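**Student:**
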Amino acid sequence: MNLTLEIWRQENPKAKGKFETYKIQNISADCSFLEMLDILNESLIDKVQLPINFDHDCREGICGMCSLYINGRPHGPDDEITTCQLHMRKFKDGDTITIEPWRSKAFPVIKDLMINRNAFDQIIQAGGYVSVTTGGVPDANSIPVNRNDAELAMDAAACIGCGACVAACKNASAMLFVAAKVSQFALLPQGKIEAKDRVKAMVAKMDELGFGNCTNTYACEAECPKNISVANIARMNREFLCAKIS
Amino acid sequence: MSKLNSKIPKGDLADKWTNYKSHQNLVNPPNKSKLDIIVVGTGLAGASAAASLGAMGFKVKIFCISDSPRRAHSIAAQGGINAAKNYPNDGDSVYRLFYDTIKGGDYRAREANVYRLAEVSSSIIDQCVAQGVPFARDYSGLLDNRSFGGAQVSRTFYARGQTGQQLLLGAYGALSHQIKLGNVELFSRREMLDLVVIEGKARGIISRNLVSGELEKHFGHAVVIATGGYGNVYFLSTNAMNSNTSAAWQIYKRGAFFANPSYVQIHPTCIPVHGDYQSKLTLMSESLRNDGRIWVPKNKEDAEKIRNKQLKAKDIKEEDRDYFLERRYPAFGNLVPRDVASRAAKERCDAGYGVGNTGLAVYLDFAASLKRLGKDVIEERYGNLFQMYNKIVDENPYENPMMIYPAVHYTMGGVWVDYELQTSIEGLFCAGEANFSDHGANRLGASALMQGLSDGYFVLPYTLQNYLSKDIKVPRMSTDLPEFNKTLEDVKERINKLMNIKGSKSVDHFHKKLGHIMWEYVGMGRTKEGLEKAVELIRVLKIEFWKELRIPGETNGVNTELEKACRVADFIELGELMALDALQRNESCGGHFREEYQTPEGEALRNDADFMFVGAWEYKGDGQLPELHKEPLVYESIEVKQRDYK
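Just so you know, the protein sequences line up as chains A and B, in that order.
Quick note on numbering that gives the first Met the number 0: the first sequence kicks off at 0 and runs consecutively.
Quick note on numbering that gives the first Met the number 0: the second sequence kicks off at 0 and runs consecutively.
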């Protein structure tokens, strides 16, 4: 298929970016979206032009490195996938595709489509763990966990930290990301001991870093590649309230 | 004395690690904070090592190639992690896990290291559960297990099809905790480009800031390399796009030996190649072989009709299907080790029974399990894998069998290390997939996660402390020392040389060419003639690369083409070493299959009399042949046999 691409180009974080138009021909429907960009980059290098920079790594939907806002949707026009799992069969011959970076104050652009998601690391550092150190822990089966709780914890723990929830939200809120981690530990006995401090510290860090608030549009859940439920946000709010009043 | 001293402690196999720990030297708490450790890589091995060492009180600097430690490719491991817990009461023990790993590695791994691995495996599970890793549980609330290839017990712990992700996030949490406490400093979007050696000891690294392009000098009393394997030498592999061998290769050039580079694991269950634009291959977890049956048509005519789309898998009657693994290996069936399963699939496809458009695919069929267990159970066990397959191939595996074919997945070879995980450069350690030590010539499923975390949580914290106990009087060194500046200049020169080629071909052009050579001649089936040809072709490719490469842009700021060029320059050199290593090893073992050396049934034929050794290569300079050192493998506690999964 033949396509027209409108791609955001930005030299560095301070530069003013703009869209540039590229034409690309003979793309197979079985080609992945990022492979299509590889082909475009090869053709740019052929013409001694600068290739388009974009984040990517595992290319199997688990590392959370790839991003891209494609035709107005984080990770493009398909459900429950990352951009690297998007295939060109989702587009038609002759389509024009608009490709932008995630847009959020807390995720500044580094170059072209690459962004800085260091804020997510900082939120985790604020308390997104159980503070055990290596060694001296009890036998694994001495901490039984209700199977249903373990499954719910796993649902929340499946978050890949890509930031699509922030990109999808009109307030650039990171509530779904933070709630997923808070929920995972709130549901497990290992996490209960530090639950109050954890939720307070993580929420405070999230606010400090300039993420917006939640206004219940559920756009985050709709665009989450791992189908993380907004029920986690409700759980976090309850944890937060309890921590504040106790 | 040989240049290789593996430093295996004395005593009975089962007592060695305990003896080591009892007699090692320690560093007292105030001194720990005066000692700096550099850890390169944030996967399971790197993150767990940095978190553990930081918690002990050492000052750790950790370097991450991505924007966050959580992106490391350990995250993509699917199926599980082995541990000799014997929770299912099915006869497992430390010895049995040790035995299975040695046998699975085709008797080419070091006995003492593997025993230690099996010994600490239980502690890993305890540690991860304490961190809140959401492992699968049964209705009683206790941990659940599944089976993996090469074992007759269920010892694999798992978190759906995302075990690597959950373990990495556990280690990342522990690391984040130490970062918050100020014990570990994180350097993200950095790539190590060289090692600084002062008076024969590793004392620092040169890294490139991948955002600013700046070259940086960092000091450490000791350096740990945990940068993963080199599967991307084949261009197409299940590795992530950024996975590379450069840190390992640069330390090789500074004097660390590289062991068994030809031992590469080709994983049987990957989604087949579908086009020349393809950038990577996707693994379908080995756990699928618990409930999936592998087959091809019994009749060539049927296979041909399937390839021409005149027939579908469903049209082939039960009696016309060849479940070739169950036929050849009735005792282990679909759960034979990876090297055995891969070769069997290749054999069927080469003989003309393959399916798919290209004929390079076999079926992995869940129909029987779906009937027996129901869709819900299958979905709960493998839902994310089925979804992944569906998204890539655009076919529903609940209705039609999956199509799979072997692909490069893991590298057993790597930097040579002794029992303490120290390389042949003093003060330089190597952990996880980057080292060679535990898997011999073939790694068993669910053992990579075990090894990465064993090295990081439970081995390095002891052995590094033992090493650093001698360094308590060594103050932090200035990075203005001539050795730092000289190494920085070397890196600068290498980068300038690459930038100034100003040829006409992209990095990927050369990388794909290298990949073709490697897959064709240093892949699943190797011959003397083929390997000699590979060496020749790679040498020509190296000349072309340094003459015709084009890197657009500048060295300042983000330049992904420059990053790739540095990596591919190293891959080309490693490719040659892999071929040389495969050439000297006149036997077949595990993932290394020399077609000249096979049994009448087509199984790998080892030559224990001449090749029961670790082949460790020493760099002798550009354009010079490297020197092979042999570390003999001595098996005291295990009877060496022909591997038999029948």
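Note that beta-carbon positions come from the ideal geometry of N, C-alpha and C, so glycine has one too.
What you are looking at is a predicted structure, and each value in this text was computed from that prediction instead of being measured.
Flag this pair as touching only if the segment 171-189 of chain A and the segment 147-159 of chain A have three or more C-beta atom pairs under 8 angstroms; answer yes or no.
**Tutor:** These segments touch.
**Student:** Going straight from the alpha carbon of Met402 of chain B to that of Ala302 of chain B, what length do you get?
**Tutor:** Against the second sequence, residue 402 of chain B aligns to sequence position 403. Against the second sequence, residue 302 of chain B aligns to sequence position 303. If you take the alpha carbons of Met402 of chain B and Ala302 of chain B, they lie about 13 angstroms apart.
**Student:** Considering just the uninterrupted stretch of the beta strand (DSSP E) at Phe428 of chain B, what are its terminal residues?
**Tutor:** Indexing the second sequence from 1 puts residue 428 of chain B at position 429. Run containing Phe428 of chain B: Leu427 to Cys429, per the beta strand (DSSP E) assignment.
**Student:** Go through its chain and collect everything with a Cβ distance to Lys469 of chain B's Cβ below 8 angstroms, but skip five positions before and after it.
**Tutor:** Your numbering for residue 469 of chain B matches position 470 in the second sequence. The residues are Asn24.
**Student:** Closest to Glu635 of chain B by C-alpha separation, out of B:Gly40, B:Tyr98 and B:Ala344, would be which residue?
**Tutor:** On the second sequence, residue 635 of chain B is found 636 positions in, with the first residue counted as 1. For Glu635 of chain B, the nearest C-alpha among the options comes from B:Tyr98.
**Student:** Grab the span of the alpha helix (DSSP H) containing Gly45 of chain B for me, first residue to last.
**Tutor:** Taking the first residue of the second sequence as position 1, residue 45 of chain B is located at position 46. Per DSSP, Gly45 of chain B belongs to the alpha helix (DSSP H) from Leu43 to Met55.
**Student:** Can you give the Cα-Cα distance for Asp56 of chain A and Gln84 of chain A, rounded to whole angstroms?
**Tutor:** Walking along the first sequence from the start, residue 56 of chain A turns up at place 57. Walking along the first sequence from the start, residue 84 of chain A turns up at place 85. If I take the Cα positions, the gap works out to 12 angstroms.
**Student:** Can you have a look at Asp92 of chain A and say buried or exposed, based on whether 16 or more other CB atoms are within 10 angstroms of its CB?
**Tutor:** Your numbering for residue 92 of chain A matches position 93 in the first sequence. Exposed.
**Student:** Evaluate Glu572 of chain B with the Cβ neighbour count: other Cβ atoms within 10 Å of its Cβ, from every protein chain shown; 16 or more gives buried, anything less gives exposed.
**Tutor:** The residue you call residue 572 of chain B lines up with position 573 of the second sequence. Burial call: buried.
**Student:** Going along chain A in order, which residues have a C-beta closer than 7 angstroms to the C-beta of Lys279 of chain B?
**Tutor:** Translated into the one-based positions of the second sequence, residue 279 of chain B becomes position 280. Going along chain A in sequence order, the residues near Lys279 of chain B (Cβ under 7 angstroms) are Arg58.
**Student:** Distance cutoff 8 angstroms, beta carbons only. Does Arg88 of chain A sit that close to anything in chain B?
**Tutor:** Indexing the first sequence from 1 puts residue 88 of chain A at position 89. Taking Cβ atoms only, chain B reaches closer than 8 angstroms to Arg88 of chain A, which makes this a yes.
**Student:** If you draw a straight line from the alpha carbon of Met113 of chain A to that of Glu325 of chain B, how long is it in whole angstroms?
**Tutor:** As a first step, residue 113 of chain A must be located in the first sequence, where it is residue number 114. As a first step, residue 325 of chain B must be located in the second sequence, where it is residue number 326. Between Met113 of chain A and Glu325 of chain B, the C-alpha separation is close to 48 angstroms.
**Student:** Output yes if chain A places a C-beta closer than 8 angstroms to the C-beta of Ile537 of chain B; else output no.
**Tutor:** Position 538 of the second sequence, counted from the start, is the residue given in the question as residue 537 of chain B. Chain A, which has no Cβ nearer than 8 angstroms to the Cβ of Ile537 of chain B, makes this no.
**Student:** Could you confirm whether any beta carbon from chain B is found closer than 8 angstroms to the beta carbon of Thr82 of chain A?
**Tutor:** Residue numbering aside, residue 82 of chain A sits at position 83 when the first sequence is read from its first letter. Chain B contact via Cβ: absent.
**Student:** Is the shortest distance between the beta-carbon of Lys646 of chain B and the beta-carbons of chain A less than 8 angstroms?
**Tutor:** Beyond the ends of chain B as shown, which are 0 and 645, falls residue 646 of chain B; an answer cannot be given.
**Student:** Please list the partners that Val210 of chain B has in chain A, where partner means a Cβ-to-Cβ separation under 7 angstroms.
**Tutor:** On the second sequence, position 211 is the one that residue 210 of chain B refers to. Per Cβ cutoff of 7 angstroms: Ile109.
**Student:** Go ahead and pull the three-state DSSP assignment for Lys199 of chain A.
**Tutor:** One-based indexing of the first sequence puts residue 199 of chain A at position 200. It is helical.
**Student:** At a Cβ threshold of 8 angstroms, is Cys62 of chain A touching chain B?
**Tutor:** Position 63 of the first sequence holds residue 62 of chain A. With 8 angstroms as the cut-off, Cys62 of chain A counts as an interface residue toward chain B.
**Student:** Less than 8 angstroms between the CB atoms is what I'm expecting for Leu363 of chain B and Leu287 of chain B, so what's the real figure, rounded?
**Tutor:** Position 364 of the second sequence, counting from 1, holds the residue named residue 363 of chain B. Position 288 of the second sequence, counting from 1, holds the residue named residue 287 of chain B. With a Cβ gap of about 6 angstroms, Leu363 of chain B and Leu287 of chain B count as contacting.
**Student:** Give the interface partners of Thr559 of chain B over in chain A, defined as CB-CB distance under 8 angstroms, in chain order.
**Tutor:** To locate residue 559 of chain B, count along the second sequence from 1; it is residue 560. Ordered by position in chain A, the residues that pass the 8 angstroms Cβ test against Thr559 of chain B are Pro50 and Asn52.
**Student:** Leaving aside the five residues before and after His510 of chain B along the sequence, list all residues of the same chain whose C-beta is less than 6 angstroms from its C-beta, in chain order.
**Tutor:** As a working note, residue 510 of chain B is residue 511 in the second sequence. Within the same chain, His510 of chain B has close Cβ partners Phe234 and Val567.
**Student:** Closer than 7 angstroms by C-beta to Ile637 of chain B: which residues in its own chain qualify, once you throw out the five before and the five after it? Chain order, please.
**Tutor:** If you number the second sequence from 1, residue 637 of chain B lands on position 638. So the qualifying residues of the chain are Tyr98, Ile101 and Glu110.
**Student:** Reducing DSSP to helix, strand and coil, say where Phe134 of chain B ends up.
**Tutor:** Start at 1 with the first residue of the second sequence, and residue 134 of chain B comes out as number 135. Three-state result, Phe134 of chain B: coil.
**Student:** Excluding five sequence neighbours on each side, which residues of the same chain lie with their C-beta closer than 6 angstroms to the C-beta of Leu56 of chain B?
**Tutor:** Stepping through the second sequence from its first residue, residue 56 of chain B is reached at position 57. For clarity, residue 56 of chain B is Gly in the given sequence; the question names Leu instead. Once the five neighbours on either side are set aside, the close Cβ partners of Gly56 of chain B are Pro28, Lys31 and Ser32.
**Student:** Along the beta strand (DSSP E) that carries Trp616 of chain B, what are the first and last residues, could you check?
**Tutor:** Indexing the second sequence from 1 puts residue 616 of chain B at position 617. Note, Trp616 of chain B: beta strand (DSSP E), Phe612 to Glu617.
**Student:** Which residues mark the beginning and the end of the beta strand (DSSP E) in which Phe62 of chain B is found?
**Tutor:** For the purposes of this step, residue 62 of chain B is taken as residue 63 along the second sequence, with counting starting at 1. Counting along the chain, the beta strand (DSSP E) containing Phe62 of chain B begins and ends at Lys58 to Phe62.
**Student:** Note down, one range per segment and in chain order, each alpha helix (DSSP H) of at least 4 residues found wholly within the segment 57-126 of chain A.
**Tutor:** Runs of the alpha helix (DSSP H) inside the segment 57-126 of chain A: 117-124.
**Student:** May I ask you to list the residues that DSSP assigns as paired with Val3 of chain A?
**Tutor:** Taking the first sequence and counting its residues from 1, one reaches residue 3 of chain A at position 4. Val is not the amino acid found at residue 3 of chain A; the sequence shown has Thr there. Paired residues: A:Lys22 and A:Thr95.
**Student:** Along the alpha helix (DSSP H) that carries Tyr409 of chain B, what are the first and last residues, could you check?
**Tutor:** Residue 409 of chain B sits at position 410 when you count from the first residue of the second sequence. Run containing Tyr409 of chain B: none in the alpha helix (DSSP H); it sits in the beta strand (DSSP E), Met401 to Thr410.
**Student:** Within the 8 angstroms Cβ cut-off, does Asp120 of chain A reach chain B?
**Tutor:** Position 121 of the first sequence, counting from 1, holds the residue named residue 120 of chain A. Chain B contact via Cβ: present.
**Student:** Given a cut-off of 8 angstroms on the beta-carbon distance, is the pair Asp607 of chain B and Val557 of chain B in contact?
**Tutor:** Within the second sequence, residue 607 of chain B is the residue found at index 608, counting from 1. Within the second sequence, residue 557 of chain B is the residue found at index 558, counting from 1. In this structure, Val557 of chain B does not lie closer than 8 angstroms to Asp607 of chain B by Cβ.
**Student:** Mind checking Phe18 of chain A: buried by the 16 CB within 10 Å criterion, or exposed?
**Tutor:** On the first sequence, residue 18 of chain A is found 19 positions in, with the first residue counted as 1. It counts as exposed.
**Student:** Alpha helix (DSSP H) containing Ser42 of chain A: first to last residue?
**Tutor:** Stepping through the first sequence from its first residue, residue 42 of chain A is reached at position 43. Residues Phe32 to Asp45.
**Student:** Quick check on this structure: which residue in B:Asp569, B:Gly53, B:Gly212 and B:Ala239 has the alpha carbon closest to the alpha carbon of Gly181 of chain B?
**Tutor:** As a first step, residue 181 of chain B must be located in the second sequence, where it is residue number 182. Looking at the Cα atoms, B:Gly53 is the closest of the given residues.
**Student:** Could you check the C-alpha separation between Asp454 of chain B and Ser436 of chain B for me, to the nearest Å?
**Tutor:** As a first step, residue 454 of chain B is located in the second sequence; it is residue number 455 there, counting from the start. As a first step, residue 436 of chain B is located in the second sequence; it is residue number 437 there, counting from the start. Roughly 10 angstroms separates the two Cα atoms.
**Student:** May I ask which residues mark the beginning and end of the beta strand (DSSP E) holding Cys269 of chain B?
**Tutor:** As a first step, residue 269 of chain B is located in the second sequence; it is residue number 270 there, counting from the start. Where Cys269 of chain B is concerned, the enclosing beta strand (DSSP E) stretches over Val263 to Cys269.
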